[in-house]
Each structure stands twice: as structure tokens, then as C-alpha cells.
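Residue numbering for the sequence shown follows the numbering used here, beginning at 356 and increasing consecutively. Ideal placement from N, C-alpha and C gives every residue a C-beta, glycine not left out. As the structure is a prediction and not an experimental result, all values here were calculated from the model. Here the structure comes first, spelled out in C-alpha cells, and everything after it is commentary.
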Amino acid sequence: MVFQKCYACHSVEPGEVEGLQGPNLRGVVGRPMAAQEGFDYSQAMRRFAERQGAWTGELLERSVAAPEQLVPGTEMSAMPILDAAERADLIAYLQASR
Ligand code: HEC
356 MVFQKCYACH SVEPGEVEGL QGPNLRGVVG RPMAAQEGFD YSQAMRRFAE RQGAWTGELL
416 ERSVAAPEQL VPGTEMSAMP ILDAAERADL IAYLQASR
């Protein structure tokens, strides 16, 4: 499961945010960016959200392929996922979590 690369910092369980470094990712595809209530997003992420609006499958794919390139200055320090098939699986998994 590719989501194990995200699991240390993110959950897809409804409402689970305690003790996690990143926002909850349940239903993130189609969701407004940087919109989790109470989560302290970086300036970089907020600015990106103002320009882009909501997460699409395509933007998510680019984000996991190269987080720092899509959102320069983001506080998300995750390893890029270089394998295209793994990225596709991951986006499908996130899409199914709603
Ligand atoms: C080391 C911890 C860490 C890992 C690992 C990690 N993230 Fe993140 N993620 C973060 C942080 C912190 C933020 C908030 C970034 C900011 O505000 O700049 C974030 C933000 C996000 C967002 C934006 C959410 C929103 O509400 O707009 C998405 C989408 C995301 N991560 C997806 C992933 C995926 C998919 C993976 C696995 C490939 C992953 N992350 C791995 C820490 C992490």
C-alpha cells in the first residue's frame, strides 16, 4: 500500500488529526486546499491554495511526484514518489476515501 509513505503524517480515518503532523486526507480529491479547520498550514501552502482552489487528481499526482516543485516552501517533507504506477494507485486510494 503506497499510502504507508504518507501514513506517518496523514490519516484518512474520519476526523483523525491528533498527533499527526499533516492534515487529514479523507476525501481530499476535490476538496478545497489548505482547508482543514485548526490546521496551521504554511504560508506557501496557503498561497498555493489561493491560486489553485481545490485538489484534483492531477494536482495531487504532481504534488506527490515532487512536493517541493509544486508548492515551493511547503512544510511537507515527504519523499517524492517516483514510480508512476504507485502514484496512480495512491490517487485512486485517496479518491476512494470519502
Ligand atoms: C513528514 C510528514 C509528511 C509526510 C510523510 C507526508 N506529508 Fe503530506 N503534508 C505534511 C504537512 C506538514 C502538510 C502541510 C504542508 C504545509 O502547510 O505546507 C502536508 C500537506 C499535504 C496535503 C495538502 C492537504 C490540504 O489540506 O490541502 C496533501 C494533499 C498531502 N500532504 C498529501 C500527502 C501524500 C499523498 C503523502 C504520501 C505520499 C504525504 N502527504 C506525505 C506532512 C507530510
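Have a look at residue i and residue j and give me their C-alpha separation to the nearest angstrom.
| i | j | result |
| --- | --- | --- |
| M431 | C361 | 10 angstroms |
| R381 | E413 | 17 angstroms |
| P422 | Q407 | 15 angstroms |
| A439 | V357 | 12 angstroms |
| D444 | Q359 | 12 angstroms |
Looking only at C-alpha atoms, which of the options sits nearest to residue i?
| i | options | result |
| --- | --- | --- |
| L425 | F403, A409, A440 | F403 |
| R386 | M434, P435, W410, P378 | W410 |
| G377 | V384, S366, G370, V383 | S366 |
Can you check DSSP and say which residues form a bridge with residue i?
| i | result |
| --- | --- |
| P387 | A409 |
Which of helix, strand or coil does DSSP assign to residue i?
| i | result |
| --- | --- |
| I436 | coil |
Point to revise | Contiguous alpha helix (DSSP H) assignments of at least 4 residues, all confined to the segment 391 to 427 | key: Whole alpha helix (DSSP H) segments, 4+ residues: 398 to 407, 412 to 420, 422 to 425.
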